[in-house]
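Quick mapping for you: the protein sequence lines, in order, are chains A and S. Numbering-wise, the numbering used here puts 259 at position 197 of the first sequence, and it's gapless, one number per residue. Numbering-wise, the numbering used here puts 491 at position 159 of the second sequence, and it's gapless, one number per residue. Beta carbons are placed, not taken as given, at the ideal position from N, Cα and C, and that holds for glycine. Have a look at the structure below, then the notes.
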Amino acid sequence: MPPTDSTAVTGQPAIRFENVVKKFGDNTVLDDLNFDVRRGERVTLIGPSGSGKTTILRLVMTLEHLTGGYIYVDGEPLTHLEVNGRRVERRPKDIARSTQKIGMVFQQFNLFPNMSVLENITEAPVHVLGRSSEEARTRGLELLDMVGLADKAEEHPTRLSGGQQQRVAIARALAMDPEILLLDEVTSALDPELVGEVLGVLRDIAKSTDITMLIVTHEMQFAQDVSHRVLMFDGGKIVEEASPDVMFTSPTHERTRSFLQAVL
Amino acid sequence: MDWWSWDRALEVLPELLVAFVQVTLVATVIGSVIAAVLGLIIAITRRTAPAFIARPVHAVMEFIRMTPIVIQLLFVFYTFNTVDGMTLGVIVLGVHYASYMAEVYRSGIDAVPKGQWEAATALSMSPARTWRKVVIPQALRTTLPALGTWVISMLKDTPYLTVIFVVDMVRQAENYGSRTFVYTESITMAGLIFLAASYPTSVLLRRLEKRLATY
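The following block contains the structure:
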């Protein structure tokens, strides 16, 4: 199924990377990166570790400082904009307006251990979006039900298994009604037998919503099933870009072939 | 020669207990509150304020930790000689121990995983809200036992208040001695009262530490 391409309507991609450069000290992780993610599109980034995939997600979530270039969300500059040919940083307030449209699920879950499961989910909707606690609670319980953890609402996150914690983290991200969801190796820290329950929840979300997703994963079957497009990264550059069917069956580049051979 | 008399020990006990409650306990409780609040403010300032504020704050804290509390008490007492000794003493104790507690808080704050900050950012939580609802509650959990240890230290430092003429329990014990020319019982009883106050506290702290170790 192709993504519902509302780009034609608004004229703007959900995310645009324009000449994006990211350096850590002298180490260039992303080198002049350009690509668009359309609205409703699910794009998976694959490639060897250190190829810059996770850095891309972290840049979109503003967890890393953008060294060069621009990122646009819904056509609006995220952290930097060009004024009279000069690149200037936006004010934190303006950045926050864009990041509110973005949710992220982390490899290590990062639930708040000092809050109950439900408090984890309702904290931001109440105190960031200004919803009533009643409304946030109802929605939170709905989401917990959706991820199969309705009975764990009052539990503390540390008492849950990794797979359960990650499902709570997914519910927490969705509670903010993000337009864009970033999934950063969300099953990499899980015991193998817990991977399935998390991927199952994500498949359901992919099927039932039109949230734009940018995914970094080593689960190639999952990538093939849910993505509209797969980008192969190496050395901070896009090596190959294709539909999942093409990417996983007949990749053109030697680098992609050897990578897929190693992981499949 | 009788070197120990239970009668004398019992006789001195009431005045010691009064001094303990009126001076030692009051100074420790109020001093601890000042130290705990100020220490947290200092720790957060050092993490969030620009260098031109954070550096001087750090320098002052370093100075306070590296000089004896007696010097600080005498300096403040003779500089602000219109304020009564007890008030100044409590403030000096509080500020002195704030410099230690700030270090405890700092390590607690540093121990909160980076992922917690990142999750808060991903949820668009403001830095102030993140401090209040995520970082400080988690940091407090790990620092509470260590803070308690400093409270016990402060309790044992209250006799220094005598250098600025505050009559605490130890001075009261000495006074009894100078009245009767016998010191052993009164000083011993004062020591036992300190032990009776600090030992149960440290046992409680150890229990608290165990309970706080897991959520």
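Same chain only: Cβ atoms within 6 Å of residue i, ignoring 5 sequence neighbours per side
{"i": "Ser320 of chain A", "result": "none"}
{"i": "Arg120 of chain A", "result": "Glu126"}
{"i": "Met177 of chain A", "result": "none"}
{"i": "Ala233 of chain A", "result": "Ile183, Leu205, Leu206, Val209"}
{"i": "Ile519 of chain S", "result": "Ala505"}
{"i": "Leu236 of chain A", "result": "Leu205"}
{"i": "Met166 of chain A", "result": "Met123, Leu244"}
{"i": "Ala341 of chain S", "result": "Glu517, Met521"}
{"i": "Ala367 of chain S", "result": "Gly426, Tyr429, Ala430, Met433"}
Residue i versus the options, residue with shortest Cα-Cα distance
{"i": "Val389 of chain S", "options": "S:Ile362, S:Ala430, S:Lys488", "result": "S:Ala430"}
{"i": "Arg291 of chain A", "options": "A:Ser270, A:Pro313, A:Gly297, A:Met208", "result": "A:Pro313"}
{"i": "Ile362 of chain S", "options": "S:Ala351, S:Leu349, S:Ile423", "result": "S:Ile423"}
{"i": "Asn182 of chain A", "options": "A:Gln323, A:Ser194, A:Asp207, A:Gln227", "result": "A:Gln227"}
{"i": "Leu92 of chain A", "options": "A:Asp307, A:Glu302, A:Gly298, A:Val308", "result": "A:Gly298"}
{"i": "Glu216 of chain A", "options": "A:Gly202, A:Gly224, A:Gly225", "result": "A:Gly202"}
{"i": "Asp500 of chain S", "options": "S:Thr360, S:Leu342, S:Trp338", "result": "S:Thr360"}
{"i": "Gly426 of chain S", "options": "S:Val358, S:Ala351, S:Trp449", "result": "S:Val358"}
{"i": "Tyr492 of chain S", "options": "S:Val502, S:Val483, S:Ile484", "result": "S:Val502"}
{"i": "Ala522 of chain S", "options": "S:Glu343, S:Asn413, S:Leu348", "result": "S:Leu348"}
{"i": "Val495 of chain S", "options": "S:Ala351, S:Gly447, S:Leu405", "result": "S:Leu405"}
{"i": "Gln162 of chain A", "options": "S:Glu435, S:Ala452, S:Val436", "result": "S:Ala452"}
{"i": "Val82 of chain A", "options": "A:Thr318, A:Leu95, A:Thr279", "result": "A:Leu95"}
{"i": "Ala158 of chain A", "options": "S:Ala454, S:Thr399, S:Thr411, S:Phe412", "result": "S:Ala454"}
Three-way DSSP call (helix, strand, coil) for residue i in this model
{"i": "Val167 of chain A", "result": "strand"}
{"i": "Gly102 of chain A", "result": "coil"}
{"i": "Asp296 of chain A", "result": "strand"}
{"i": "Ala391 of chain S", "result": "helix"}
{"i": "Leu191 of chain A", "result": "coil"}
{"i": "Ala324 of chain A", "result": "helix"}
{"i": "Tyr531 of chain S", "result": "helix"}
{"i": "Leu348 of chain S", "result": "helix"}
{"i": "Val308 of chain A", "result": "helix"}
{"i": "Leu222 of chain A", "result": "coil"}
{"i": "Leu107 of chain A", "result": "strand"}
{"i": "Trp463 of chain S", "result": "helix"}
{"i": "Pro491 of chain S", "result": "helix"}
{"i": "Ser68 of chain A", "result": "Residue placement at Ser68 of chain A is poorly supported in this model, since its pLDDT is 46, which falls under 50; the coordinates still yield a value, given next. The answer is coil: DSSP assigns Ser68 of chain A none of H, G, I, E or B."}
Within-8 Å CB hit, residue i to chain A
{"i": "Lys570 of chain S", "result": "Given a span of 333 to 547 for chain S in the structure shown, any question on residue 570 of chain S remains unanswerable."}
{"i": "Gly440 of chain S", "result": "no"}
{"i": "Arg461 of chain S", "result": "yes"}
{"i": "Gln404 of chain S", "result": "no"}
{"i": "Thr474 of chain S", "result": "no"}
{"i": "Ala451 of chain S", "result": "yes"}
{"i": "Leu455 of chain S", "result": "yes"}
{"i": "Pro382 of chain S", "result": "no"}
{"i": "Tyr508 of chain S", "result": "no"}
{"i": "Tyr547 of chain S", "result": "yes"}
{"i": "Lys465 of chain S", "result": "yes"}
{"i": "Gly447 of chain S", "result": "yes"}
{"i": "Pro469 of chain S", "result": "yes"}
{"i": "Glu541 of chain S", "result": "no"}
Short CB-CB distance (under 8 Å) between residue i and chain S
{"i": "Glu185 of chain A", "result": "yes"}
{"i": "Thr161 of chain A", "result": "yes"}
{"i": "Val248 of chain A", "result": "no"}
{"i": "His290 of chain A", "result": "no"}
{"i": "Leu264 of chain A", "result": "no"}
{"i": "His280 of chain A", "result": "no"}
{"i": "Met123 of chain A", "result": "yes"}
{"i": "Asn89 of chain A", "result": "no"}
{"i": "Gly224 of chain A", "result": "no"}
{"i": "Ile189 of chain A", "result": "The sequence as given places His at residue 189 of chain A; Ile does not occur at that position. Chain S contact via Cβ: present."}
{"i": "Met166 of chain A", "result": "yes"}
{"i": "Thr220 of chain A", "result": "yes"}
{"i": "Met238 of chain A", "result": "yes"}
{"i": "Pro175 of chain A", "result": "yes"}
{"i": "Gln170 of chain A", "result": "yes"}
{"i": "Ala233 of chain A", "result": "no"}
Cross-strand partners of residue i (DSSP beta bridge)
{"i": "Leu243 of chain A", "result": "A:Gly165, A:Met275"}
{"i": "His142 of chain A", "result": "A:Glu151"}
{"i": "Lys85 of chain A", "result": "A:Thr90"}
{"i": "Glu303 of chain A", "result": "A:Leu293"}
{"i": "Val135 of chain A", "result": "A:Ile77, A:Glu138"}
{"i": "Gly130 of chain A", "result": "A:Val83"}
{"i": "Phe97 of chain A", "result": "A:Phe79"}
Nonlocal neighbours in the same chain, by C-beta distance under 8 Å from residue i, ignoring five residues either side
{"i": "Thr481 of chain S", "result": "Ser534, Leu537"}
{"i": "Met457 of chain S", "result": "Lys465, Val466"}
{"i": "Asn172 of chain A", "result": "Ala231"}
Beta-carbon proximity list for residue i, same chain, < 7 Å, skipping 5 on both sides
{"i": "Ala529 of chain S", "result": "Leu487"}
{"i": "Val498 of chain S", "result": "Val355, Gly417, Met418, Gly421"}
{"i": "Trp335 of chain S", "result": "Thr516"}
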